[in-house]
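If you read the sequences in order, they're chains A and B. Read in order, the letters of the first sequence are residues 1 to 358 in UniProt numbering. Read in order, the letters of the second sequence are residues 1 to 358 in UniProt numbering. All residues carry an ideal CB built from backbone N, CA and C; glycine is no exception. These notes are about the structure you will find just below.
2 protein chains.
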Amino acid sequence: MPSLDLRADPAELTAALVDIASVSGEEAELADAVEAALRAQAPHLEVVRNGDAVLARTTLGRTSRVVLAGHLDTVPVNDNLPLTRTGTGDDEVLHGLGTVDMKGGDAVFLHLAATLPEPRHDVTFVFYDCEEVEAVRNGLGRIERELPGWLHGDLAVVGEPSNAVIEAGCQGTMRVELATSGARAHTARAWMGVNAIHALAEPLRRLTAYEPRVVDIDGLTYREGLQAVRIGGGVSGNVVPDAAVLAVNHRFAPDRTPEQAEQHLREVFDGYELTVVDCSPGALPGLSAPAAAELVTAAGGRAAAKLGWTDVSRFAALGMPAVNFGPGDPTLAHTRQEHVAAAEIRRVSEALRTFLSP
Amino acid sequence: MPSLDLRADPAELTAALVDIASVSGEEAELADAVEAALRAQAPHLEVVRNGDAVLARTTLGRTSRVVLAGHLDTVPVNDNLPLTRTGTGDDEVLHGLGTVDMKGGDAVFLHLAATLPEPRHDVTFVFYDCEEVEAVRNGLGRIERELPGWLHGDLAVVGEPSNAVIEAGCQGTMRVELATSGARAHTARAWMGVNAIHALAEPLRRLTAYEPRVVDIDGLTYREGLQAVRIGGGVSGNVVPDAAVLAVNHRFAPDRTPEQAEQHLREVFDGYELTVVDCSPGALPGLSAPAAAELVTAAGGRAAAKLGWTDVSRFAALGMPAVNFGPGDPTLAHTRQEHVAAAEIRRVSEALRTFLSP
Numbered sequence: 001m002p003s004l005d006l007r008a009d010p011a012e013l014t015a016a017l018v019d020i021a022s023v024s025g026e027e028a029e030l031a032d033a034v035e036a037a038l039r040a041q042a043p044h045l046e047v048v049r050n051g052d053a054v055l056a057r058t059t060l061g062r063t064s065r066v067v068l069a070g071h072l073d074t075v076p077v078n079d080n081l082p083l084t085r086t087g088t089g090d091d092e093v094l095h096g097l098g099t100v101d102m103k104g105g106d107a108v109f110l111h112l113a114a115t116l117p118e119p120r121h122d123v124t125f126v127f128y129d130c131e132e133v134e135a136v137r138n139g140l141g142r143i144e145r146e147l148p149g150w151l152h153g154d155l156a157v158v159g160e161p162s163n164a165v166i167e168a169g170c171q172g173t174m175r176v177e178l179a180t181s182g183a184r185a186h187t188a189r190a191w192m193g194v195n196a197i198h199a200l201a202e203p204l205r206r207l208t209a210y211e212p213r214v215v216d217i218d219g220l221t222y223r224e225g226l227q228a229v230r231i232g233g234g235v236s237g238n239v240v241p242d243a244a245v246l247a248v249n250h251r252f253a254p255d256r257t258p259e260q261a262e263q264h265l266r267e268v269f270d271g272y273e274l275t276v277v278d279c280s281p282g283a284l285p286g287l288s289a290p291a292a293a294e295l296v297t298a299a300g301g302r303a304a305a306k307l308g309w310t311d312v313s314r315f316a317a318l319g320m321p322a323v324n325f326g327p328g329d330p331t332l333a334h335t336r337q338e339h340v341a342a343a344e345i346r347r348v349s350e351a352l353r354t355f356l357s358p
Numbered sequence: 001m002p003s004l005d006l007r008a009d010p011a012e013l014t015a016a017l018v019d020i021a022s023v024s025g026e027e028a029e030l031a032d033a034v035e036a037a038l039r040a041q042a043p044h045l046e047v048v049r050n051g052d053a054v055l056a057r058t059t060l061g062r063t064s065r066v067v068l069a070g071h072l073d074t075v076p077v078n079d080n081l082p083l084t085r086t087g088t089g090d091d092e093v094l095h096g097l098g099t100v101d102m103k104g105g106d107a108v109f110l111h112l113a114a115t116l117p118e119p120r121h122d123v124t125f126v127f128y129d130c131e132e133v134e135a136v137r138n139g140l141g142r143i144e145r146e147l148p149g150w151l152h153g154d155l156a157v158v159g160e161p162s163n164a165v166i167e168a169g170c171q172g173t174m175r176v177e178l179a180t181s182g183a184r185a186h187t188a189r190a191w192m193g194v195n196a197i198h199a200l201a202e203p204l205r206r207l208t209a210y211e212p213r214v215v216d217i218d219g220l221t222y223r224e225g226l227q228a229v230r231i232g233g234g235v236s237g238n239v240v241p242d243a244a245v246l247a248v249n250h251r252f253a254p255d256r257t258p259e260q261a262e263q264h265l266r267e268v269f270d271g272y273e274l275t276v277v278d279c280s281p282g283a284l285p286g287l288s289a290p291a292a293a294e295l296v297t298a299a300g301g302r303a304a305a306k307l308g309w310t311d312v313s314r315f316a317a318l319g320m321p322a323v324n325f326g327p328g329d330p331t332l333a334h335t336r337q338e339h340v341a342a343a344e345i346r347r348v349s350e351a352l353r354t355f356l357s358p
């Protein structure tokens, strides 16, 4: 089993984590190494293992608790392991799978776990599996079912890449299907039928004409979106089709509930048959909570809106303010070119140290 | 083996043919019965068997030859066998699979084969297999390869249902695919991508605004068509798709060559990437040929444009004028409700008898 030095520079620790491959479902070796390192190098923590997740916490009796959560898994290898490096010193850049999503964040949390034995808030560390695959396999969901007490706190920080800026709240996402119907006929006698694909012309026109809202909440800017994600229809090459479907993904700012978002889509596509296929609510930024405000200050006073949907929403659903805060550019996540500046990893580590120090 | 009485009323002969099921690929029993009946009841004909096709011809040394062709197969059974009857006498209607497509036409040709030993033109009868399935299995294509001399003549009459009206020529058909491209992005950051499905809005608008030509040729009216027959695109529920495709079927009047039809589609969809997937040329009506003109007269002087594509085009490609002429409403073909008036079968038989009698 590879050993991890949690007291090392968090950029070096990131490199060590990256070189233990951990594609979703295959996190056991990394979870073993994390568990062993925490038990050996952070004896002040209570540590439990749950599947391929590792949890650890202080029990100092503080009046508030902060949860630091990071997933251990990555998307599949794409010719981007082992880790490579360019530059030196403050200009060093780490390249490879997981440098961005999200072993930099994991390294920061592990480093703090070993080096901050008496933080100002009690701290719970959650290193979990299967975030990059279907939601039903998500390790955080399993922990919520099996060890619910371990996720409680006054603030959650998810270490997903956020360019080292606090990203607060998250947008909701809703998928709807718009179905058109017609009447089959032979294409040689098309006037005897009604073409359901032609009937998608108007909904597509509305989509292309749609102006998404830009919404300000607590000083953060959310950009909504409305995008076709699938289209399908057709019977055979000589038949006027009698059915077609357009699937649309709506990303909506957290000032709207799922019910309001659905109502909005029913107005946009008025006159068409609409079915909600799935929906995840957004999460309001919650930056007015005391611990959240302290964290923003420690991170330099800036915060931005989270646009994508992340596990932040799971914590928000538990009633906690929750933010993303981690090194790395999220637009590089899931690309072969993942890379992160070593200095950015250190900057996040220092901000969290400032926030958590007594 | 069921026996067929070719000298019987052609409506009764239709009923006998319908009750010998002959779904494409399973025509052997019907072909056996047809072959045996021709050999026994039309000894003046030269008869050959080719697969499950049966061919027969007079060799009277006439100066012209007419080919009468009908397929023996049907689409799959759809709770519409055995045959049922409603009405009586001149109002009798035959219901069941093949009554329209096209055992009425077959019955007329078989009846004439046995009862017109000395026709005014030499006559070739072609009863063939697998017309209702993919073109590569079509029995007429096999005969063209293996017994090419049997298809020559001065006029071809295909007995497909045409409401007992001469349908001349046929429209061409062309399928094209229009592809759009874009750039993938996460739907939470849709402005970083380009949606290829949204890019189909404009081609669909042009389709719905398209006014098909109505073309007159030799006094016949052809109605063209332009119909989407398939649409597809999408990567996953949270990705702005980078590719989509729209398949379009164009039916074009026989005054246009395939090259002209393609040029027309390139103009309609100017600015888009277009690929021709398949094409079958149309066939001009050719009603000015002497034998064709005689047939129109014998059929009551009326002729109409053939809109669908039929094996008439195969004969046209061999340089012969070719028409559809058969009992039954073509819009009932391939429906569970196939039915034909017995009187219409007799009317077609009498018209062809008039045309072929010395």
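Check the Cβ of residue i against every Cβ in chain A and list those closer than 9 Å, keeping chain order.
i        : result
Ala244/B : Ala228, Ile231
Gly237/B : Thr173, Arg175, Val229, Arg230, Ala247, Asn249, Val277, Asp278
Thr331/B : Ala185, His186, Arg189, Met192
Just tell me which of the options has its CA closest to the CA of residue i.
i        : options                                : result
Phe109/B : Tyr128/B, Glu144/B, Val93/B            : Tyr128/B
Gly326/B : Gly70/B, Asp9/B, Ile20/B, Met1/B       : Gly70/B
Val176/A : Met320/A, His264/A, Glu344/A           : His264/A
Ala316/B : Asn195/B, Gly237/B, Ala156/B, Thr297/B : Ala156/B
Asn138/A : Asn195/A, Asp329/A, Asn50/A, Met1/A    : Asn50/A
Gly169/B : Val323/B, Ser349/B, Leu94/B, Asp90/B   : Val323/B
Glu27/B  : Pro76/B, Cys279/B, Arg7/B, Asp9/B      : Pro76/B
Gly301/A : Ala21/A, Glu167/A, Ala228/A            : Glu167/A
Ser162/B : Ala299/B, Ala179/B, Val277/B, Phe355/B : Ala299/B
Leu356/A : Gly233/A, Arg62/A, Gly87/A, Thr86/A    : Arg62/A
Ala40/A  : Val133/A, Pro281/A, Arg7/A, Gly282/A   : Arg7/A
Thr208/A : Ala209/B, Ile231/B, Leu204/B           : Leu204/B
Helix, strand or coil: which one does DSSP assign to residue i?
i        : result
Gln227/A : strand
Val331/B : First, the amino acid is wrong: residue 331/B is Thr here, not Val. Helix at Thr331/B.
Ala42/A  : coil
Glu202/B : helix
Thr99/A  : coil
Leu295/A : helix
Leu220/A : strand
Ala190/B : helix
Asp122/B : strand
Ala244/B : strand
Thr14/B  : helix
Phe109/A : helix
Ala164/B : coil
I think residue i touches residue j, with their Cβ atoms under 8 Å apart; what is that distance to the nearest whole Å?
i        : j        : result
Val235/A : Thr187/A : Contact flag wrong, Cβ pair sits at about 10 Å.
Val93/A  : Ala341/A : 6 Å
Leu83/B  : Ala21/B  : Not a contact, Cβ separation roughly 11 Å.
Gly233/A : Ala244/A : 3 Å
Glu131/A : Asp311/A : 7 Å
Ala333/B : Asp19/B  : Actually they are not in contact, since the Cβ atoms of Ala333/B and Asp19/B sit about 19 Å apart, beyond 8 Å.
What does residue i reach in chain B if we use C-beta pairs closer than 8 Å?
i        : result
Ile217/A : Residues of chain B passing the Cβ test: none, with the nearest at roughly 16 Å.
Ser271/A : With the sequence shown as reference, residue 271/A is identified as Gly, and Ser is not the correct amino acid for it. Chain B residues near Gly271/A: none, gap ~15 Å exceeds 8 Å.
Run down chain B in chain order and give the residues with a C-beta less than 7 Å from the C-beta of residue i.
i        : result
Gln171/A : Ala188
Ala208/A : Sequence inspection shows Thr at residue 208/A; the Ala mentioned does not correspond to that position. Going along chain B in sequence order, the residues near Thr208/A (Cβ under 7 Å) are His198, Ala201.
Leu204/A : His198, Leu200, Ala201, Leu204
Met320/A : Result: empty, since nearest Cβ-Cβ is about 22 Å, beyond 7 Å.
Please list the partners that residue i has in chain A, where partner means a Cβ-to-Cβ separation under 7 Å.
i        : result
Asn324/B : What Asn324/B touches in chain A: nothing, since even the nearest Cβ is about 12 Å away.
Asn197/B : The sequence given here has Ile at residue 197/B, not Asn. Neighbours of Ile197/B on chain A, chain order: Ala228, Ile231.
Val240/B : Gln227
List, in chain order, every chain B residue whose beta-carbon is nearer than 9 Å to that of residue i.
i        : result
Thr221/A : Those do not exist, as Thr221/A stays about 13 Å from chain B at its closest Cβ, beyond 9 Å.
Leu307/A : His186, Ala188, Arg189
Gly234/A : Ala228, Val229, Arg230, Ile231, Gly232, Ala247
Can you pull the chain A residues whose beta carbon is under 8 Å from the beta carbon of residue i, in chain order?
i        : result
Val268/B : Near Val268/B there are no residues of chain A at all, since even the closest Cβ is about 14 Å away, more than 8 Å.
Is residue i a contact residue of the ligand PLP, with contact defined as CB to any heavy atom under 7 Å?
i        : result
Asp154/B : As for the ligand PLP, it is missing from this structure, which has no ligand bound.
- Task: Tell me, please, whether the region 247 to 257 of chain A touches the region 165 to 183 of chain A by the rule of three or more beta-carbon pairs shorter than 8 Å.
- Result: yes
Worksheet item: So, do the region 148 to 165 of chain A and the region 108 to 126 of chain A have three or more beta carbon pairs nearer to each other than 8 Å?
Response: yes
Say whether the region 295 to 308 of chain B touches the region 215 to 234 of chain B, bearing in mind that this needs 3 or more beta-carbon pairs closer than 8 Å, one atom from each stretch. These segments touch.
* Contact between the region 195 to 209 of chain A and the region 200 to 207 of chain B (3+ Cβ pairs under 8 Å) -> yes
Would you call the region 55 to 64 of chain B in contact with the region 338 to 353 of chain A, where contact means no fewer than 3 C-beta pairs closer than 8 Å? no
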